[in-house]
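Colleague: All residue numbers for the sequence shown refer to UniProt numbering, where the first residue is 1 and numbers rise by one. Ideal Cβ positions, reconstructed from N, Cα and C, are used throughout, including at glycine.
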Amino acid sequence: MDRMLAARLHVPSRTLRMEEVPRPRPAAGEVLVKVEAAGVCLSDVHLIDGTLTPALLPGDTVTLGHEVAGTVHEAGEGVTRWSPGQRVVLYAGENRDGATWTRGVDYDGGWAQYALSSADALTALPDTIPFEQGAIIPDAVSTPWGAVTGTGAVRPAEAVGVWGAGGLGVHAVQLLRAVGACPVIAVDPSPVARERALAAGADLALDPAGPGLGAQVRAATGGAGLAAAFDFAGVPAVREQALSVLAPRGRLVLVGLTDRPLSVTDSTRFSYLQQQILGHYGSDMAVALPQLLRLVQGGRLDFSASVSGVLPLAEAGRAVEMLAKKEGDPVRLILRP
Numbered sequence: 001m002d003r004m005l006a007a008r009l010h011v012p013s014r015t016l017r018m019e020e021v022p023r024p025r026p027a028a029g030e031v032l033v034k035v036e037a038a039g040v041c042l043s044d045v046h047l048i049d050g051t052l053t054p055a056l057l058p059g060d061t062v063t064l065g066h067e068v069a070g071t072v073h074e075a076g077e078g079v080t081r082w083s084p085g086q087r088v089v090l091y092a093g094e095n096r097d098g099a100t101w102t103r104g105v106d107y108d109g110g111w112a113q114y115a116l117s118s119a120d121a122l123t124a125l126p127d128t129i130p131f132e133q134g135a136i137i138p139d140a141v142s143t144p145w146g147a148v149t150g151t152g153a154v155r156p157a158e159a160v161g162v163w164g165a166g167g168l169g170v171h172a173v174q175l176l177r178a179v180g181a182c183p184v185i186a187v188d189p190s191p192v193a194r195e196r197a198l199a200a201g202a203d204l205a206l207d208p209a210g211p212g213l214g215a216q217v218r219a220a221t222g223g224a225g226l227a228a229a230f231d232f233a234g235v236p237a238v239r240e241q242a243l244s245v246l247a248p249r250g251r252l253v254l255v256g257l258t259d260r261p262l263s264v265t266d267s268t269r270f271s272y273l274q275q276q277i278l279g280h281y282g283s284d285m286a287v288a289l290p291q292l293l294r295l296v297q298g299g300r301l302d303f304s305a306s307v308s309g310v311l312p313l314a315e316a317g318r319a320v321e322m323l324a325k326k327e328g329d330p331v332r333l334i335l336r337p
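1. Could you name the residues that DSSP lists as bridge partners for Glu30?
2. Would you give the residue range spanned by the alpha helix (DSSP H) that Pro126 belongs to?
3. Identify which residue in Gly134, Ala314, Ala237 and Ala286 has its Cα closest to the Cα of Asp120.
4. Candidates Tyr281, Glu315 and Pro138: which alpha carbon is nearest Ala7's?
5. At 4 residues or longer, what runs of the alpha helix (DSSP H) sit wholly inside the segment 131 to 183?
6. Taking the DSSP output, what are the residues bridged to Trp101?
7. Quick one: is Pro12 buried, meaning 16 or more other Cβ sit within 10 Å of its Cβ, or exposed?
8. Go through its chain and collect everything with a Cβ distance to Leu116's Cβ below 8 Å, but skip five positions before and after it.
9. I'd like to confirm something about Val307: is its beta-carbon nearer than 7 Å to some heavy atom of the ligand SAH, or not?
10. Since Glu67 sits in a beta bridge, which residues does DSSP pair it with?
11. Report the rounded CA-to-CA distance for Glu20 versus Pro189, giving the unit in angstroms.
12. Taking the alpha-carbon positions, what's the Val184 to Pro261 distance?
13. Quick one: give me the first and last residue of the beta strand (DSSP E) that Thr15 is part of.
14. Exposed or buried, which one is Arg194 when buried takes at least 16 other CB atoms within 10 Å?
15. From the DSSP secondary-structure annotation, give me the bridge partner or partners of Arg87.
16. Determine whether the beta carbon atoms of Ser306 and Ile129 lie at a separation below 8 Å.
17. Would you identify the three-state DSSP class for Val79, choosing helix, strand or coil?
18. Excluding the 5 residues preceding and the 5 following Val62 in the sequence, name in chain order all residues of the same chain whose CB lies nearer than 8 Å to its CB.
19. Given a cut-off of 8 Å on the beta-carbon distance, is the pair Pro337 and Leu5 in contact?
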């Protein structure tokens with residue numbers, strides 16, 4: 001039986017191992033994809049450090065990687081849409097038994113030489129878009145896209161704040177500018193991240209620990225406050241700060257994941273101003289991926305600056321370490337089998 005290299009997480013011990021495993025064969029309705037690029041996300045780091053735990057994984061070990069692009073290697077029985085050699089981007093998850101399963105969390109992902117996908121859980125990648133950029137779209141771009149256009153329902157000329165200008169937040173800045181939000185205010189403790197946010201289109205970039213953040217937000221919004229605020233950091237202090245500068249009827253959208261409690265310090269003020277807190281997770285891949293790929297192909301969006309480095313698959317552990325320690329302040333690191 002053919003073998004392949006895969007980066008496997010043993011969940012009980014939180015141990016990431018490079019292993020040779022059998023290369024999967026596509027069943028009826030499935031496609032086997034030769035992986036050309038796979039993104040390394042902070043969620044992968046959190047799976048390894050124990051902050052996140054798979055909810056639906058049937059066993060105790062999983063191949064990580066939910067951001068995957070490659071070429072079709074083999075189509076299973078009954079699959080007519082896909083044929084060997086086609087360039088594709090895999091969805092970051094699939095619906096199974098009435099639940100959403102996340103690739104690389106609840107079932108084997110793309111930190112491997114080959115990855116399986118349902119035939120209806122991938123989309124064509126245009127020839128003009130490099131694999132490295134295509135790979136990051138299913139999460140690093142589509143998640144903030146869903147948060148901005150869906151959960152947050154941002155409208156043109158609305159004042160918006162983004163807390164955390166990392167792998168998802170910096171894309172949120174770019175996407176908010178694309179949909180016409182104004183002003184777009186980024187908040188991040190890292191000077192490098194703030195500069196990155198300005199380069200991505202933020203009108204203002206603030207240090208959350210700096211003096212007078214509230215006054216600066218009020219000045220930038222004509223005293224109105226933010227119509228929408230997005231927490232991409234998953235930090236309780238961020239949520240409290242964002243609520244403090246939210247306008248009446250403003251929305252706080254929680255995108256960053258955390259196991260810490262959610263609290264509202266002044267619930268009377270929150271209710272009086274009729275504000276909202278909305279949870280967000282992922283995106284509708286069937287809608288988001290084609291939309292974003294069209295925008296990239298049409299020159300409306302460019303994510304080339306988001307690829308901070310490319311490492312061999314065998315160095316997955318090193319990539320995780322670099323992201324966890326923010327070495328070089330990466331947006332996205334890519335593994336290439």
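Modeller: Straight from the coordinates:
1. The secondary-structure analysis by DSSP pairs Glu30 across a beta bridge with Ser118.
2. Secondary structure note for Pro126: it is in no alpha helix (DSSP H), with a DSSP letter that is neither H nor E.
3. Ranked by Cα distance from Asp120, the options Gly134, Ala314, Ala237 and Ala286 are led by Ala286.
4. With distances taken between Cα atoms, Ala7 lies closest to Glu315.
5. Runs found: 131 to 136, 142 to 146 and 169 to 178.
6. Glu94.
7. Looking at its Cβ environment, which holds fewer than 16 other Cβ atoms inside 10 Å, Pro12 is exposed.
8. Exclusion of the five residues before and after Leu116 leaves Pro24, Pro26, Glu30, Val31, Leu32, Val33 and Asp108 as the residues of its chain whose Cβ lies within less than 8 Å of its Cβ.
9. Annotation note on the ligand SAH: not contained in the displayed structure, which lists no ligands.
10. In the DSSP assignment, Glu67 forms no beta bridge with any residue.
11. Here the alpha carbon of Glu20 sits roughly 41 Å from the alpha carbon of Pro189.
12. Taking the CA atoms as reference points, Val184 sits about 28 Å from Pro261.
13. Thr15 to Pro22 is the extent of the beta strand (DSSP E) around Thr15.
14. That one is buried.
15. By DSSP's assignment, Arg87 forms a beta bridge with Thr71.
16. By the CB criterion at 8 Å, Ser306 and Ile129 fall outside the cutoff.
17. The three-state secondary structure of Val79, taken from DSSP, is coil.
18. Result list for Val62: Arg8, Leu9, Val11, Pro54, Gly104, Val105, Asp106, Tyr107, Asp108 and Gly109, in chain order.
19. Their beta carbons are under 8 Å apart, which means Pro337 touches Leu5 by this criterion.
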